[in-house]
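**Q** Let me give you the structure first, and then I'll get to my questions.
Residue numbers (the working numbering): 27 to 183.
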């Protein structure tokens, strides 16, 4: 953390009335400025690629949450399947499957409160063919069954 150290040195020099503090602070500020510029350059180049990749992944999930496969996405983006899987986890903190599941469950929660569709129809609509699995993961995420969630009138958020 060179930036943090430089700022701490500046503060220490100012508070402790060091001899030659003006020239020490000028040099420290110059080095601090160079460190910040270096950080910005790295951040901008990393962020553009990271942002583009994550937007592509999330857009794909938004459009294909019911049946989209990571292998298909990797092929579309021209990335290796395993590399893409690791990058998604590294950049979002979640696996592709966890991102898809979060999308499906939030949509299911919305549909439970906004429509009169049956729980089975909602589960199928969001991409779950196994209703008992849907019940299990819904309850794990929201702390109640889909039916209780609907009755409680909670608004997903």
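The beta-carbon is built from N, C-alpha and C at its ideal position, and this holds for glycine as well.
No experiment lies behind these values; they were computed from the predicted model shown.
Taking the C-alpha atoms as reference points, what is the distance between residue 45 and residue 51?
**A** Between the alpha carbons of residue 45 and residue 51 lies a gap of roughly 11 Å.
**Q** Measure the alpha-carbon distance for residue 157 versus residue 172 and round it to whole angstroms.
**A** Residue 157 and residue 172 have their alpha carbons spaced roughly 11 Å apart.
**Q** Quick check: is the beta carbon of residue 34 nearer than 8 Å to any beta carbon in chain B?
**A** This model lacks chain B altogether, as it is built from one protein chain only.
**Q** So what does DSSP say about residue 63, is it helix, strand or coil?
**A** helix
**Q** Out of 149, 160, 80, 139, state which residue places its alpha-carbon closest to the alpha-carbon of residue 110.
**A** 80
**Q** Please name the residue, chosen from 114, 89, 59, 43, that lies closest to residue 30 on a Cα-to-Cα basis.
**A** Closest in alpha carbon position to residue 30, among 114, 89, 59, 43, is 59.
**Q** Please say whether residue 152 and residue 92 have beta carbons closer to each other than 8 Å?
**A** Yes, the Cβ-Cβ distance between residue 92 and residue 152 is below 8 Å.
**Q** Check whether the stretch 110-128 touches the stretch 136-145, taking contact to mean three or more Cβ pairs, one atom from each stretch, closer than 8 Å.
**A** The stretch 110-128 is not in contact with the stretch 136-145.
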